[in-house]
Structure formats: structure tokens, C-alpha cells
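Structure first, then comments.
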Amino acid sequence: MAAIFQGVGAAAALPSSPSYSFDSNKSVFSPRRSFSVRKGASFAVVRSDGTVNLNPKDRRAQLLISNAVATKADSAAASSSSKPGHELLLFEALLEGLEEEMERDPHVCVMGEDVGHYGGSYKVTKGLAKKFGDLRVLDTPIAENSFTGMGIGAAMTGLRPVVEGMNMGFLLLAFNQISNNCGMLHYTSGGQFTIPIVIRGPGGVGRQLGAEHSQRLESYFQSIPGIQMVACSTPYNAKGLMKAAIRSENPVILFEHVLLYNLKERIPDEDYICNLEEAEMVRPGEHVTILTYSRMRYHVMQAAKTLVNKGYDPEVIDIRSLKPFDLFTIGNSVKKTHRVLIVEECMRTGGIGASLTAAITENFNDYLDAPIMCLSSQDVPTPYAGTLEEVTVVQPAQIVTAVEQLCQ
Amino acid sequence: MALSYLRSSSSRSVNLLKPLSSSLPLRRPISTDTTPITVETSVPFTSHQCDAPSRSVETNPKELLTFFRDMALMRRMEIAADSLYKAKFIRGFCHLYDGQEAVAVGMEAAITKKDCIITAYRDHCTFIGRGGTLLEVFAELMGRQAGCSKGKGGSMHFYKKDSNFYGGHGIVGAQVPLGCGLAFAQKYSKDETVTFALYGDGAANQGQLFEALNISALWDLPAILVCENNHYGMGTAEWRAAKSPAYYKRGDYVPGLKVDGMDALAVKQACKFAKEHALKNGPIILEMDTYRYHGHSMSDPGSTYRTRDEISGVRQERDPIERIRKLILSHDLATEEELKDIEKEVRKEVDDTITQAKESPMPEPSKLFTNVYAKGLGVESFGADRKEVRATLP
Chain Z
0 MAAIFQGVGA
10 AAALPSSPSY
20 SFDSNKSVFS
30 PRRSFSVRKG
40 ASFAVVRSDG
50 TVNLNPKDRR
60 AQLLISNAVA
70 TKADSAAASS
80 SSKPGHELLL
90 FEALLEGLEE
100 EMERDPHVCV
110 MGEDVGHYGG
120 SYKVTKGLAK
130 KFGDLRVLDT
140 PIAENSFTGM
150 GIGAAMTGLR
160 PVVEGMNMGF
170 LLLAFNQISN
180 NCGMLHYTSG
190 GQFTIPIVIR
200 GPGGVGRQLG
210 AEHSQRLESY
220 FQSIPGIQMV
230 ACSTPYNAKG
240 LMKAAIRSEN
250 PVILFEHVLL
260 YNLKERIPDE
270 DYICNLEEAE
280 MVRPGEHVTI
290 LTYSRMRYHV
300 MQAAKTLVNK
310 GYDPEVIDIR
320 SLKPFDLFTI
330 GNSVKKTHRV
340 LIVEECMRTG
350 GIGASLTAAI
360 TENFNDYLDA
370 PIMCLSSQDV
380 PTPYAGTLEE
390 VTVVQPAQIV
400 TAVEQLCQ
Chain V
0 MALSYLRSSS
10 SRSVNLLKPL
20 SSSLPLRRPI
30 STDTTPITVE
40 TSVPFTSHQC
50 DAPSRSVETN
60 PKELLTFFRD
70 MALMRRMEIA
80 ADSLYKAKFI
90 RGFCHLYDGQ
100 EAVAVGMEAA
110 ITKKDCIITA
120 YRDHCTFIGR
130 GGTLLEVFAE
140 LMGRQAGCSK
150 GKGGSMHFYK
160 KDSNFYGGHG
170 IVGAQVPLGC
180 GLAFAQKYSK
190 DETVTFALYG
200 DGAANQGQLF
210 EALNISALWD
220 LPAILVCENN
230 HYGMGTAEWR
240 AAKSPAYYKR
250 GDYVPGLKVD
260 GMDALAVKQA
270 CKFAKEHALK
280 NGPIILEMDT
290 YRYHGHSMSD
300 PGSTYRTRDE
310 ISGVRQERDP
320 IERIRKLILS
330 HDLATEEELK
340 DIEKEVRKEV
350 DDTITQAKES
360 PMPEPSKLFT
370 NVYAKGLGVE
380 SFGADRKEVR
390 ATLP
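Chains as they are written, first to last, in numbering that gives the first Met the number 0: chain Z, 0 to 407; chain V, 0 to 393.
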């Protein structure tokens with residue numbers, strides 16, 4: 000599937016990839032992701048960032064890595080024996096991505112509550128205000144509706160704002176702006192305006208944060224035409240997705256998770272981005288395809304350890320792109336394993352899993368040996384009590400049981 | 000002034016020829032005549048937290064005739080849209096601007112095309128003011144691909160990026176934060192331009208307006224919030240919707256100016272003043288006291304919440320076109336005949352454009368899926384029947 004062009008690494012085979020803590024010394028290859036065309040390796044820039052084309056001769060474009068799949072340790076590039084890359088936490092990866100993009104393009108600015116002098120409530124924008132000044136890193140009052148609207152208005156003229164919702168749930172106040180103005184303006188203006196805005200923030204169920212601060216907005220936003228949604232889960236893809244989102248001409252909503260900010264990983268030193276529409280193969284397998292994203296990826300990997308001990312071989316895919324779905328990767332996986340389990344943090348009703356189930360059923364029904372199973376959170380407001388909160392969300396034990404049921 | 004010109008140019012003309020030639024030299028000079036004329040606005044400005052600009056406005060014959068022609072064009076266009084709607088060529092929502100033309104025309108006279116304007120859904124005339132063509136208007140209203148938004152926007156979504164007209168928004172009040180965002184971008188790129196964010200007296204009660212105003216004042220943005228107060232928010236009169244109908248004072252710490260919105264020259268003066276102010280001191284609110292003759296939209300007769308006497312009273316006393324007409328006639332800039340000719344010419348232009356627009360094609364079915372995303376993704380999209388209508392987004 001992935002066409003590799005530049006030298007190193009095995010060609011065309013799906014590189015296997017262990018978990019996130021792996022030393023991601025990835026070889027430099029840039030597959031051309033395309034649904035309809037699978038041409039041979041071409042030294043093309045990745046699809047999601049048309050703006051990178053600006054400097055085709057730029058040396059940086061050559062080093063651009065768009066494939067998010069970690070390679071095997073032994074097929075690593077001919078680098079030194081000492082570990083290349085640098086280790087950092089997920090929020091630092093986001094910060095690094097943001098900082099690099101702000102340096103690269105003076106049109107990028109950040110808006111949000113407490114992003115400037117405070118450094119960001121999750122430290123994702125730490126130090127930026129001092130470095131870039133008050134006009135590029137803007138502390139807004141607590142007025143989501145209007146500052147999201149202002150970000151969109153600024154984007155209409157060509158600025159590239161990164162709007163932070165302190166918690167994704169607060170963006171419900173800006174729903175009108177996101178739905179009508181952000182998503183639809185490109186269409187209703189007949190293509191006159193593009194809205195290259197990035198809306199990001201932490202969401203998901205945290206540690207006893209209460210119902211209103213544990214919302215999963217991806218299910219509410221998924222119907223809005225014209226936006227793209229991505230969810231990051233590792234420091235590597237967090238930085239890559241952040242950069243790709245900023246470079247994209249379309250409005251992108253980047254979903255982070257409150258509990259994942261302190262994950263540590265080694266990421267490459269060189270400039271790289273992650274394709275916005277591509278899913279990540281976390282663990283190739285044969286028996287069942289497990290589709291997941293964000294925090295549930297870690298629950299799935301934990302369950303995978305148990306499953307491997309029990310003799311199963313699950314294929315784990317982190318779908319990353321919530322809108323549109325990467326039906327190419329998912330489809331290939333379904334064609335191989337014929338069984339699908341979706342593990343998500345959204346609620347059962349109307350969540351990402353529900354849409355994904357529908358999409359897979361329609362497109363790949365012939366390849367399924369069993370009905371698709373979807374494990375989601377319970378359709379309840381997230382309670383405060385720790386024990387209750389645990390039950391709301393999918394736990395590894397449930398995943399193991401589900402796989403055993405599926406594979407009977 | 001016109002008379003003296005006549006005397007000098009026709010010094011050798013015979014007395015007999017005078018009445019004939021009196022019309023000819025009069026017409027030619029006016030179109031390029033920029034001799035300043037000073038006119039007093041109808042009422043003085045009322046200000047809040049600032050010094051009101053002077054009542055005397057400088058203008059010239061060329062400008063006055065442009066005002067007349069543009070407003071006549073807008074008026075004719077809106078009335079034609081009314082008939083088209085009743086004949087079911089225009090569907091959905093159609094909000095007409097007749098009566099309020101002076102605001103669009105006066106504003107344009109004070110600014111450049113580099114300044115941004117953003118407004119709500121009563122945008123047909125503002126679009127024309129920004130340089131849009133009649134064909135784009137009628138084609139868009141009728142959903143043809145020759146429309147300004149390729150037929151995909153409709154009456155409430157007119158945009159013209161090259162002259163910085165940012166629409167065209169259906170949700171009441173949502174355009175004001177967008178407008179402040181435009182002002183932010185202008186400040187960011189140090190353009191020395193301003194943004195006029197227009198909204199109505201109904202939208203003045205929206206929370207996001209105050210949020211945006213707060214942020215604009217905090218960050219010193221060159222944003223000018225213009226409240227087009229036509230005294231009715233849909234079917235609700237302003238005294239029933241607003242505890243304090245002094246919209247120009249609602250900024251509190253932000254200065255405000257109340258303007259007679261039916262007087263194009265007063266609007267021009269106020270906008271000039273506001274632009275200077277915004278570039279130096281940050282946001283300012285302008286309240287344009289205006290009136291719409293039609294109802295809120297074509298589905299509203301406009302007479303259930305106000306009397307016909309009121310409407311005809313305003314039409315008689317405050318109509319913006321009549322005002323300019325009287326000015327032109329009193330300064331002897333043109334004769335009644337010539338003004339009537341202009342109106343006839345405008346009417347013909349509108350009728351011809353409508354014929355042209357009626358014959359222009361509808362958008363192709365494949366265009367349903369264009370422009371959903373910029374630089375498309377090859378994403379599949381489904382229609383109502385998920386098994387049948389499928390397309391790959393270009």
C-alpha cells in the first residue's frame with residue numbers, strides 16, 4: 000500500500016510496528032496517499048498539505064515524512080547506533096509542531112484562553128507568547144462564540160489561526176460558528192474563501208472531571224460538511240498532525256485527549272508531518288481488525304497483550320482521521336481479517352463508531368464473516384465517582400471478551 | 000455655478016439656441032464635475048463618548064449623481080426581485096433592502112475597496128455597492144451558475160472576495176465576530192484599513208456582539224460596528240425587543256454615533272469619521288437610523304406590525320432617493336427630465352439583466368460536490384440514497 004520512494008527500507012510491505020514507546024527512527028519515505036490511484040513511488044508531496052508545494056526545491060520537502068507508521072527496528076535507516084531523535088512528552092510535541100509552524104509561516108497565530116502569558120492550561124503553548132509577541136499569541140476573554148468567529152473571520156482573509164478550546168466541550172458554545180461559518184463558507188461562497196483554521200483542544204473522559212468536562216465532541220461535529228477531524232494519540236502523530244493541520248487549506252479540528260498529554264516517546268529530529276486522511280497501523284495481525292483512536296488505543300493495546308497470550312492475532316489500527324475515514328486502510332484490513340471490532344470513547348448513540356460501522360457495512364459487507372462489533376461508552380453523562388466513571392468507558396477486559404466472541 | 004459655466008461656454012451662442020444648448024453643456028460637465036458643494040445633513044449627529052463630526056458635508060455634482068444613479072439602481076433591483084419572488088423565480092428567503100439604500104451608498108463613498116464590509120442577509124445592495132454586477136445578483140437569486148456564489152449560496156450568501164465583501168450571513172449576529180476577525184487580520188498585516196461589520200437592531204441583542212466588541216476594544220482593532228436600525232427585528236418592534244434602544248450607546252466604553260441613515264451624505268460623513276477614529280483609537284459603533292419599506296422578508300407582508308400610514312409617511316418625508324433628487328434639483332445640477340431618464344435607463348438595465356439571467360444555465364449536477372473541501376481529498380460522498388448517488392469529491 001505505501002509506496003516508498005527514497006531508498007531505505009523494505010518496499011511496499013506493511014511495516015510492522017510495535018507500540019508507541021518504540022524508537023521511531025523512521026526511514027524517509029513519502030507515500031502518495033490516494034484513494035483512487037495507486038501509482039508507483041513518486042516523489043510527490045503529501046496530499047493533505049498543498050501549501051508545502053510552495054518550496055518543491057526546498058531541501059526540507061525531501062526530508063518530509065508523511066507516513067505515520069513506525070518501521071521495524073532492524074529495517075531502520077542507516078543511522079548511527081546511538082538513538083537518533085529526541086524524547087519528549089505529547090504536549091511538548093504539540094508545542095514543538097506549533098512553534099515550528101509559527102516560525103515557518105508568519106500568518107500562523109494562536110488564539111485561546113490562557114494561551115499567552117499563562118502558557119496554556121495544558122502547557123501546549125508554553126513560551127510562545129514570549130517568543131512571538133502578543134499579536135501572534137492572543138489571550139482571549141472567555142467568549143468562545145466570538146473568538147472562534149474571529150478566528151474564522153481572520154482565516155477568511157488568509158491568516159492561519161490556531162484556535163484553542165480550553166476543553167473541547169466549551170466549543171459547544173461556538174457550534175454555530177464552526178458549523179455554519181467554518182465548515183460551509185467555502186461552499187456557499189462558490190469557492191471564493193478558504194478557511195485554513197485549526198481548532199484544537201483536549202476532550203474525552205479524564206479523571207473524575209465531571210460530566211460537562213468529559214465530553215466527546217467528535218460525535219457532534221462529524222456531520223458538519225467541509226471540516227476535517229483528526230485525533231492524535233502519540234507524540235509522533237501529535238506533532239505530525241498539528242503541522243499538517245496548520246498547513247491544510249481546509250478547516251481542521253484536532254482532538255487531543257486530557258489523559259494523553261504526558262505520554263513520552265522518541266520522535267525524529269527532522270521535519271515531518273502526518274497525513275491528515277491516513278490511518279495508522281499500530282499492530283498488524285490476522286484474526287480481527289480492531290479500529291480505535293485516541294485514548295482507547297492504549298486500552299486496546301493492553302487488551303492486545305492479553306489476546307496474544309491467549310493465541311489471538313489482532314490487527315490494531317488507529318484511525319486517526321475521524322472525518323473522512325481512511326476507508327482504504329480500513330478496507331484492506333477488513334479484506335484480510337474479515338472481522339471488525341470498533342473501540343471508541345464516544346457514546347453508543349451517534350458516535351464515531353456508529354458512523355464507522357455504517358461505512359464499513361456498506362462498503363465491505365461482502366468481506367465480513369461476522370457482524371461488526373462496536374464498543375463505546377455508555378449513553379450517560381460521565382459521573383464523578385471514580386468507580387462509576389470507569390464503567391462508563393470501555394475497559395481492556397471488555398475488549399478481550401469482545402474479540403473472543405467475535406472470533407468464535 | 001452651472002449658470003456661470005453656461006455663460007462662458009455659450010458666449011457666442013445665439014439667444015435662440017440657449018434653451019436647446021442649455022441642456023447639453025449641463026449634462027456633460029456634471030458627470031465629471033467635482034466642484035465642491037457643501038450640504039448640511041438633515042439632523043445633527045448624536046454622539047456617545049466622542050465628539051460628533053460637523054454637520055456640513057463636502058460633496059460634488061459627480062458624487063451626487065452617482066448617489067442618485069446607484070440608489071435608483073438598487074431600488075429598481077429590489078423591486079424587481081420582489082416580482083421575481085412572487086413569480087417563483089426566486090425561492091426560499093429573500094430579504095429586501097429598499098429604503099435603506101443610503102447606508103450602502105454613503106458608506107462606499109467614504110471608503111476604499113481595500114476596507115472590508117461584512118453584513119447579514121440583507122446583502123443585495125451592499126454587494127452592488129462593493130462592485131458586484133446585476134447579473135451576478137439575479138443569477139444567484141435564481142440559483143444559476145453565473146451567480147456570485149455559483150448558485151450555491153442564494154440570497155443570503157453573496158460574497159465578493161476581490162473587493163473585500165465578506166457576505167452574506169444567514170444566522171443573526173454571527174457575522175459580527177467574523178467582522179472583528181477581519182479587523183484583527185487587518186491589524187495583523189498592518190494594512191491601515193478598517194472593517195465595517197453591519198448588523199440590525201434585532202441582532203444588537205445578541206451576546207456574541209458584546210463579546211466581540213469587548214475583544215475588539217481590548218485589542219484595539221480597527222472594527223466599526225454599524226447597526227442598521229430599521230426599528231423592526233423581523234416582526235418585533237424595537238421597543239418590544241430592547242430595553243435600551245439607544246444602540247449607539249450600547250458600547251459603553253466604546254464611542255458611538257447616531258446617524259440619519261436615510262441621508263446618504265450624513266452616512267458618508269459618519270463613515271469617514273469612523274474610519275479615522277478606528278484606525279487611531281479602536282472600535283466605534285455607528286447607529287444608522289433607517290427604514291425598510293418591505294417586510295422582513297418576502298414571506299412577511301410587513302403590515303401586520305406597522306401601519307401603512309407609517310410606511311407611506313416615511314416614504315414621503317425621508318426617502319433617500321427623493322432627498323438626493325431634491326438636492327440635485329435645488330442646486331441645478333440636472334433637470335427633472337434627466338433624472339427621470341436616468342431612472343428609465345436603470346429600469347431598462349435591470350429588465351435586460353433579468354432576461355439574461357433567466358436564460359442562464361443552472362449549475363451542473365456534478366457541481367454539488369465541488370468546493371466542499373479546498374484541494375479535495377478524493378473523499379466519497381453519498382446522496383440521500385446511500386446506495387445510489389455517489390461521487391468522489393473532486
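All C-beta atoms, glycine included, are put in the ideal place defined by N, C-alpha and C.
Since this is a predicted model, take the numbers as computed values, not measurements.
Spatial distance of Z/Leu-240 from V/Asn-370 (CA atoms): The alpha-carbon atoms of Z/Leu-240 and V/Asn-370 are separated by roughly 23 Å.
V/Asp-69 - DSSP class collapsed to helix/strand/coil: Reduced to three states, the DSSP call for V/Asp-69 is helix.
Chain Z contact for V/Gly-128 (CB, 7 Å cutoff): no
Chain A residues whose Cβ lies nearer than 9 Å to that of Z/Phe-131: Of the protein chains in the structure, Z and V, none is chain A.
CB of V/Ile-284 within 7 Å of CB of V/Gly-255, strictly: yes
Length of the line joining the Cα atoms of Z/Thr-288 and Z/Val-399: 13 Å
Own chain residues within Cβ distance below 7 Å of V/Leu-278, not counting five before or after: Glu-191, Val-193, Pro-221
Where Z/Gly-111 sits in the DSSP three-state scheme: In the three-state reduction of the DSSP assignment, Z/Gly-111 falls in the strand class.
Residues bridged to Z/Leu-290 (per DSSP): Answer is Z/Ile-316, Z/Ile-341.
Interface partners of Z/Pro-234 on chain V, CB under 9 Å: None at all; the shortest Cβ gap to chain V is about 25 Å.
Span of the beta strand (DSSP E), counted from its first residue to its last, around V/Ala-196: Run containing V/Ala-196: 194 to 199, per the beta strand (DSSP E) assignment.
Residues that Z/Ala-384 bridges to, as DSSP identifies them: Its beta-bridge partners do not exist; DSSP assigns none.
Chain Z within 7 Å of V/His-94, Cβ atoms only: No, no contact with chain Z.
C-beta atoms of Z/Thr-187 and V/His-168 nearer than 7 Å: With contacts defined as CB atoms closer than 7 Å, Z/Thr-187 and V/His-168 fail to qualify as a contacting pair.
Alpha-carbon to alpha-carbon, Z/Leu-158 and V/Ala-184: 7 Å
Against chain V: residues of the segment 159 to 182 of chain Z by CB proximity under 7 Å: Asn-175, Gln-176, Asn-179, Asn-180
Reduced DSSP category for Z/Val-392 - H, G, I as helix; E, B as strand; rest coil: In the structure shown, the three-state DSSP call for Z/Val-392 is coil.
V/Ala-145 versus Z/Gly-209 - alpha carbon distance: 52 Å
CB contact check: V/Leu-458 to chain Z, cutoff 7 Å: Because chain V in this structure spans residues 0 to 393, residue 458 of chain V falls outside the shown range and cannot be described.
Own chain, CB closer than 6 Å to V/Phe-272, minus 5 neighbours either side, in chain order: Contacts found: Pro-52.
Z/Gly-115 versus Z/Arg-103, Z/Val-161, Z/Lys-242, residue with shortest Cα-Cα distance: Z/Val-161
Closest residue to V/Arg-348 among V/Phe-195, V/Gly-250, V/Met-76, V/Tyr-304 (Cα-Cα distance): Per the sequence presented here, residue 348 of chain V reads as Glu, with Arg not at that position. For V/Glu-348, the nearest C-alpha among the options comes from V/Met-76.
C-beta atoms of Z/Leu-374 and Z/Val-393 nearer than 7 Å: yes
Stretch pair the segment 102 to 109 of chain V + the segment 56 to 73 of chain V: three plus CB contacts closer than 8 Å: yes
Those runs of the alpha helix (DSSP H) which lie wholly inside the segment 217 to 305 of chain Z and span at least 4 residues: 217 to 220, 234 to 246
Test item: CB-CB of Z/Met-167 and Z/Leu-137 under 7 Å: Against a cut-off of 7 Å, the Cβ pair of Z/Leu-137 and Z/Met-167 comes out as no contact.
Member of V/Arg-121, V/Gly-153, V/Lys-159, V/Lys-112 whose CA lies at the smallest distance from the CA of V/Thr-132: V/Lys-159
V/Glu-191 - DSSP class collapsed to helix/strand/coil: In the displayed model, V/Glu-191 falls within coil according to three-state DSSP, outside both helix and strand.
Three-way DSSP call (helix, strand, coil) for Z/Ser-376 in this model: strand
CB contact flag (Z/Arg-282, Z/Val-251, <7 Å): no
DSSP bridge partner residues for V/Ala-108 (one or two, in chain order): None, per the DSSP bridge assignment.
DSSP bridge partner residues for V/Leu-224 (one or two, in chain order): V/Ala-196, V/Ile-284
Interface flag, Z/His-298 vs chain V, CB-CB below 7 Å: no
Distance between beta carbons of V/Gln-355 and V/Leu-134, contact taken as under 8 Å: Correct: roughly 6 Å between the Cβ atoms.
Expected contact under 8 Å - CB spacing of Z/Thr-193 and Z/Glu-279 to nearest Å: 27 Å between Cβ atoms; not a contact.
Contacts that Z/Ile-151 makes with chain V (C-beta to C-beta distance below 7 Å): Leu-177, Gly-180
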